[in-house]
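Quick mapping for you: the protein sequence lines, in order, are chains A and B. full-length UniProt numbering puts the first sequence at residues 1 to 294. full-length UniProt numbering puts the second sequence at residues 1 to 299.
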Amino acid sequence: MNRVLGDRRAIVVLLGPALVLYSLVMLVPVVWSFGYTAFEGNAISGFHFVGLDNFRELVSDPKAHEALWFTVRFALVLTVVQVGAGYALALFYVFVLRRRSGLVRTLVFFPVVIPTVAVALLFQQLFEVAPRTGPVNQLLELVGLSPVDWFSAGGTSFVVLLLMETWRSMGFYAVLLYAGLIDIPEEMIESARLDGASWLALVRHIVVPLSLPVLLASLVFSINGTLKVFDSVVALTSGGPGSTTTPLTLYMFQTSFAYGQYGYGSTIALLLSVLCLLVTLVIFRSARRDATEA
Amino acid sequence: MSTGTLTGTTVTSSAAPRASKGPRRRTARRVLAAIATTVLLVIVAYPLIWLVLGSFKSQDEFLNNSVFALPESWSLDNYATAWTEGNLGTYIRNSVVAVFPSLALTIVLGVAAAFALQVMVWRGRNVVLFLFLAGIMVPAQMILLPLFTIYVRTGLTGTLWPLIITYTAIGLPLTVFMIATYFRGVPREIFEAAALDGAGALRTFLTIGFPLIRNAIFTVALVQFFFIWNDLLIALTFTSRDDLRTIQVGLLNFTGQFGQVQYGPTFAAISLNVLGTLAIYLVLNQRVMKGLTAGSVKG
Chain A
1 MNRVLGDRRA
11 IVVLLGPALV
21 LYSLVMLVPV
31 VWSFGYTAFE
41 GNAISGFHFV
51 GLDNFRELVS
61 DPKAHEALWF
71 TVRFALVLTV
81 VQVGAGYALA
91 LFYVFVLRRR
101 SGLVRTLVFF
111 PVVIPTVAVA
121 LLFQQLFEVA
131 PRTGPVNQLL
141 ELVGLSPVDW
151 FSAGGTSFVV
161 LLLMETWRSM
171 GFYAVLLYAG
181 LIDIPEEMIE
191 SARLDGASWL
201 ALVRHIVVPL
211 SLPVLLASLV
221 FSINGTLKVF
231 DSVVALTSGG
241 PGSTTTPLTL
251 YMFQTSFAYG
261 QYGYGSTIAL
271 LLSVLCLLVT
281 LVIFRSARRD
291 ATEA
Chain B
1 MSTGTLTGTT
11 VTSSAAPRAS
21 KGPRRRTARR
31 VLAAIATTVL
41 LVIVAYPLIW
51 LVLGSFKSQD
61 EFLNNSVFAL
71 PESWSLDNYA
81 TAWTEGNLGT
91 YIRNSVVAVF
101 PSLALTIVLG
111 VAAAFALQVM
121 VWRGRNVVLF
131 LFLAGIMVPA
141 QMILLPLFTI
151 YVRTGLTGTL
161 WPLIITYTAI
171 GLPLTVFMIA
181 TYFRGVPREI
191 FEAAALDGAG
201 ALRTFLTIGF
211 PLIRNAIFTV
221 ALVQFFFIWN
231 DLLIALTFTS
241 RDDLRTIQVG
251 LLNFTGQFGQ
261 VQYGPTFAAI
271 SLNVLGTLAI
281 YLVLNQRVMK
291 GLTAGSVKG
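If you want it as structure tokens, here you go:
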């Protein structure tokens with residue numbers, strides 16, 4: 001029996017193709033990309049060794065700082081907003097709609113599966129100001145405010161990005177957190193309610209602590225996803241106006257493919273990877289500490 | 001007996017005042033819930049309805065009528081223009097040609113690997129499993145440049161192969177991770193019984209392992225489909241020629257193709273992209289929701 005399930009030939013046949021492909025297309029390139037950070041040039045013009053110059057450039061490059069700052073700001077704010085909106089929705093499903101929430105969950109989830117490019121182009125039209133006034137600006141005019149040229153400044157573009165990403169993802173976090181919330185035993189909430197706990201106290205002392213694991217998982221997904229944001233920014237603002245909405249991912253793409261600086265591009269990609277890794281480790285570590293305290 | 005009466009009286013006495021003020025409060029709550037639900041659904045649905053309505057409007061209607069107006073006629077002209085002049089047909093074909101082979105490869109290779117890693121017994125399998133999982137966190141930007149170099153050198157850039165190869169490899173970590181989790185849920189005795197009955201490992205995989213988690217495989221395939229179909233980064237990097245663009249890259253360049261923004265065809269193109277996903281989603285929504293939330297690790 002163990003001879004059969006330990007059959008080496010079968011293991012090679014089953015695992016071999018996947019492992020070879022994964023190694024060649026993911027693992028080797030990761031190491032290779034790491035190697036690029038010590039070079040300057042690209043595949044067409046050739047490479048020459050520059051040692052740590054790329055890292056020095058990264059430290060002193062104001063555009064890299066701007067991209068890093070945008071990435072961090074975007075990830076933090078969007079994580080709070082989208083997980084917050086998702087949690088509010090999940091609470092709404094569980095405590096207000098209860099069993100009737102099925103259809104609402106299905107509809108609110110739908111934007112999650114729409115291609116990001118389509119959503120971004122749609123939001124461009126929704127927030128348009130010229131040559132035609134889009135619905136959002138029309139609504140602003142209707143309530144007596146002046147229309148806003150959303151994509152003419154970094155701040156307002158950031159707001160549209162946030163709104164769009166929240167619209168796109170809140171249904172996802174709602175379903176994820178809903179799954180965590182329905183696991184809470186009903187008697188627990190019922191007995192607390194009979195003891196006279198207010199709605200707020202109920203959420204603070206029972207619901208949040210008991211849904212903490214899935215809440216933390218949502219935070220990890222969200223931060224990891226938002227740090228890697230690319231599609232939505234490219235399609236909505238293409239990083240503009242200027243470079244005010246350029247995240248590290250897009251800056252890496254531009255330096256590599258528009259300016260042909262593979263070495264510097266790889267250095268930016270490395271910074272991004274380290275950032276993702278650090279954030280995940282920090283959240284997991286704090287999650288573990290919470291689990292042991294509880 | 002006496003305690004029984006005691007609890008009986010307390011229940012009735014506390015239930016009486018609640019009954020008198022209950023219905024009104026409950027109705028108020030219901031109305032509030034209904035209003036909140038309506039607002040929520042309008043926020044979710046209105047942009048999409050507005051989009052589809054726009055796909056029927058003429059350029060003139062776009063520039064002169066209110067944005068909230070209904071289209072004056074319901075002709076499919078915009079769709080035809082998007083399809084032919086906008087090359088949408090080519091883009092969709094490219095997407096199909098790139099997505100389905102990589103989907104099939106990801107699933108076949110991933111399920112086999114997950115079986116070898118989760119069900120079979122050998123030293124070092126945890127290390128290999130961890131190696132696969134590490135791939136979930138690596139940003140795609142980290143592998144773009146080396147792959148670009150290889151694809152240029154091997155002359156693959158003029159084809160859709162770079163997309164197929166890259167999608168398959170990128171899909172493997174999540175597929176292996178999810179399928180391994182499903183295999184973990186299957187009682188080991190089933191596989192051991194098969195082995196005792198004289199089935200080899202490969203046969204156990206094909207006749208027992210694979211069919212047992214067939215539904216799970218379908219769910220994972222669905223999740224991977226949405227990831228690959230919606231991808232922009234990989235497709236943008238590895239498709240240099242216009243006739244190789246996938247739907248997402250094509251859509252991104254869509255407005256530029258007409259010079260001045262042709263609203264109708266643009267709206268039609270976006271609508272087609274949205275309606276396709278809507279169709280799949282409506283048929284399989286439970287599975288999509290479950291699968292995506294289970295497989296959300298990829299972020």
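Beta carbons: idealized from backbone N, C-alpha and C, even for Gly. Computed from a predicted structure; not experimentally measured.
Counting C-beta pairs closer than 8 Å gives fewer than three between the stretch 229-237 of chain B and the stretch 198-217 of chain B, which falls short of the contact rule. Nearest CB-CB separation between B:VAL121 and chain A: below the 8 Å threshold. Scanning its chain for C-beta atoms nearer than 6 Å, with the 5 sequence neighbours on each side dropped, one finds around A:TYR178 the residues ALA90 and TYR93, in chain order. Spanning the alpha carbons of A:GLY196 and B:ARG29 requires a straight line of approximately 19 Å. With a 10 Å radius around the Cβ and a threshold of 16 neighbouring Cβ atoms, B:MET289 comes out buried.
Counting C-beta pairs with one atom in each stretch, the stretch 129-146 of chain B and the stretch 164-177 of chain B have three or more that are closer than 8 Å, which means they touch.
With a 10 Å radius around the Cβ and a threshold of 16 neighbouring Cβ atoms, A:ASP183 comes out exposed.
A distance below 8 Å separates the beta carbons of B:LEU109 and A:LEU21. When secondary structure is reduced to three states using DSSP, B:GLU189 falls in the helix class. Using beta-carbon distances, A:ILE182 does not count as an interface residue toward chain B, since no partner is under 8 Å. Of all alpha-carbon atoms in A:LEU121, A:LEU210 and A:THR237, the one lying nearest the alpha-carbon of B:ALA268 is that of A:LEU121.
Of all alpha-carbon atoms in B:THR37, B:LEU202 and B:PRO47, the one lying nearest the alpha-carbon of A:GLN125 is that of B:PRO47.
Within the DSSP bridge table, the entry for A:GLU40 names A:HIS48 as partners. In the three-state reduction of the DSSP assignment, A:LYS228 falls in the coil class, being assigned neither a helical nor a strand state. Around the beta carbon of B:THR154, fewer than 16 other beta carbons sit within 10 angstroms, so the residue counts as exposed.
Counting other Cβ atoms within 10 Å of its Cβ, B:ILE247 reaches 16 or more and is therefore classed as buried. For B:LEU51, the neighbours in chain A by C-beta distance under 7 Å run, in chain order, LEU122. By the CB criterion at 8 Å, B:PHE254 and B:ILE213 fall outside the cutoff. Counting every other CB atom within 10 Å of its CB across the protein chains shown gives A:GLN261 a total of 16 or more, marking it as buried. Between the stretch 153-172 of chain A and the stretch 75-91 of chain A there are three or more C-beta pairs closer than 8 Å, enough to call the two in contact. Think of a sphere of 9 Å around the beta carbon of B:ALA201: the chain A residues whose beta carbon falls inside it are VAL4, LEU5, GLY6, ASP7, ARG9, ALA10, ILE11, VAL13 and LEU14, in chain order. At a cut-off of 8 Å between beta carbons, A:GLN82 makes no contact with chain B.
For B:TYR281, the C-beta contacts it makes with chain A under 7 Å involve PHE110 and VAL113, in order along the chain. Contact annotation, B:LEU233 with A:PHE230: C-beta distance approximately 5 Å; criterion of less than 8 Å satisfied.
B:PHE218 is outside the set of residues whose beta carbon lies under 8 Å from a beta carbon in chain A.
Listed along chain B, the residues sitting closer than 9 Å to A:GLN138 by beta-carbon distance are SER66, VAL67 and PHE68.
A Cβ of chain A is located within less than 8 Å of the beta carbon of B:ASN273. About 7 Å separates the Cβ atoms of A:GLY154 and A:PRO241, confirming a contact at the 8 Å cut-off.
In this structure, the straight-line span from the alpha carbon of A:MET26 to that of B:GLN262 is close to 41 Å. In the assembly as shown, A:TYR259 is an exposed residue. Its beta-carbon has fewer than 16 other beta-carbons within 10 Å. Among the residues of chain A, those whose CB is under 8 Å from the CB of B:PHE226 are VAL113, following chain order. In the three-state DSSP reduction, B:SER102 falls in the helix class (H, G or I). Out of B:ALA279, B:LEU272, B:ILE280 and B:THR293, the CA that lies nearest to the CA of B:GLY89 is found in B:LEU272.
As for any alpha helix (DSSP H) of minimum length 4 sitting wholly inside the stretch 15-83 of chain B, the runs are 59-64, ordered along the chain.
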